[in-house]
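The structure under discussion appears below in the form of structure tokens.
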Amino acid sequence: MREIILVGGGGHCKSVIDVIEQEGKFEIAGVIDNNLNLGDKVLNYEIIGCDDDLKNLRKKYEFAIVTVGQIKSPNIRIKLFNLLKELKFKLPIIISPRSYVSKYTEIGEGTVIMHDALINAGAKIGKNCIINTKALIEHDSIVEDNCHISTGAIVNGNCLIKKNTFIGSNSLVVNNLTVETGFYKAGSLIK
Numbered sequence: 001m002r003e004i005i006l007v008g009g010g011g012h013c014k015s016v017i018d019v020i021e022q023e024g025k026f027e028i029a030g031v032i033d034n035n036l037n038l039g040d041k042v043l044n045y046e047i048i049g050c051d052d053d054l055k056n057l058r059k060k061y062e063f064a065i066v067t068v069g070q071i072k073s074p075n076i077r078i079k080l081f082n083l084l085k086e087l088k089f090k091l092p093i094i095i096s097p098r099s100y101v102s103k104y105t106e107i108g109e110g111t112v113i114m115h116d117a118l119i120n121a122g123a124k125i126g127k128n129c130i131i132n133t134k135a136l137i138e139h140d141s142i143v144e145d146n147c148h149i150s151t152g153a154i155v156n157g158n159c160l161i162k163k164n165t166f167i168g169s170n171s172l173v174v175n176n177l178t179v180e181t182g183f184y185k186a187g188s189l190i191k
């Protein structure tokens, strides 16, 4: 089985670990986090280095995924994604087997589709996105790069979610809407 390293050791990392284990396509080689946490574990996986170690780790590992969450700002996720690309890591698409993703969708590299998410026909999801637990992306909607569609959020049909956007838990985006880059708190009605 192919090995992958996870970059970011917080709460989102734990959720991604569960998805990777259930998907069964990768074996987790370790986690990259803060130097102060070296040797600690995230669930059953050791923190094997920090960002400065990624160049050397690339000699051993081909695959990596950003496992830092995104709420207020996508900047850390973007920085890490770009660093991994510069180092020529492959950033796979991780899809929970408990999600539904239409065969008529497009999903960009480094994106994670969490448990019970639903992505319908004609949808396009960019690079380095989080489509979180129980989120719904309806037909023909586009979610650009570096977005986080949070738990239970609904993006109705024919919407465009601009890059670097956070849509909070249980938010609702009405049909045929362009959502400008920004932070939309939990429970927002975006119309």
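Counting with full-length UniProt numbering, you get residues 1 to 191 for the letters of the sequence shown. Just so it is clear, CB atoms sit at the ideal spot from N, CA and C, and this is done for glycine as well. Given the structure is predicted, the values throughout are model-derived calculations rather than measurements.
Rounded C-alpha distance that separates residue i from residue j
i: G108; j: A123; result: 12 Å
i: D148; j: Y100; result: As written in the sequence, residue 148 is His, which differs from the Asp given in the question. One C-alpha to the other measures close to 18 Å.
i: K127; j: G39; result: 30 Å
i: I71; j: K60; result: 32 Å
i: E180; j: A186; result: 16 Å
i: V173; j: D33; result: 34 Å
i: G152; j: L118; result: 10 Å
i: I93; j: I47; result: 22 Å
i: D140; j: K79; result: 29 Å
i: F166; j: A29; result: 29 Å
i: L57; j: N156; result: 41 Å
i: N75; j: L160; result: 21 Å
Limits of the alpha helix (DSSP H) - the one that residue i falls within
i: R2; result: Segment R2 to V7 is the beta strand (DSSP E) holding R2; no alpha helix (DSSP H) there.
i: I78; result: N75 to E86
i: V19; result: G11 to E23
i: Q55; result: The amino acid at residue 55 is misidentified as Gln; the sequence shows Lys. From DSSP, the alpha helix (DSSP H) with K55 extends over L54 to L57.
Paired residues, beta bridge with residue i - DSSP
i: G49; result: I32
i: I93; result: For I93, which the question treats as bridged, DSSP gives no partner whatsoever.
i: H148; result: I130 and F166
i: L118; result: Y100 and L136
i: I71; result: The partner list for I71 (beta bridge, DSSP) is empty, contrary to what the question assumes.
i: V174; result: None, per the DSSP bridge assignment.
i: E106; result: K124
i: K41; result: E46
i: E180; result: DSSP lists no partner for E180.
Residue from the options whose Cα sits closest to the Cα of residue i
i: N146; options: N132, K191, I154 and H139; result: N132
i: F81; options: G11, C129 and K185; result: C129
i: E138; options: F166, R98 and L177; result: L177
i: S188; options: S169, T181, G182 and E180; result: S169
i: E27; options: V42, I17, G126 and K127; result: I17
i: E106; options: N120, S96 and D33; result: N120
i: Q22; options: G157, V179, I4 and P97; result: P97
i: G24; options: I32, N44, M1 and G9; result: M1
i: F89; options: D52, A64, G110 and I20; result: A64
i: H12; options: G49, D52 and G69; result: G69
i: I154; options: K162, K134 and N75; result: K134
i: Y104; options: I125, G110 and T111; result: I125
i: I4; options: S171, S15 and I20; result: I20
i: S150; options: H115, N175 and N158; result: H115
Integer-rounded CB distance, given that residue j should sit under 8 Å from residue i
i: L83; j: L54; result: 7 Å
i: V66; j: V7; result: 5 Å
i: N44; j: G9; result: In fact, because the Cβ distance is near 13 Å, the residues do not count as touching under 8 Å.
i: K14; j: V42; result: 6 Å
Element boundaries [beta strand (DSSP E), containing residue i]
i: I65; result: F63 to V66
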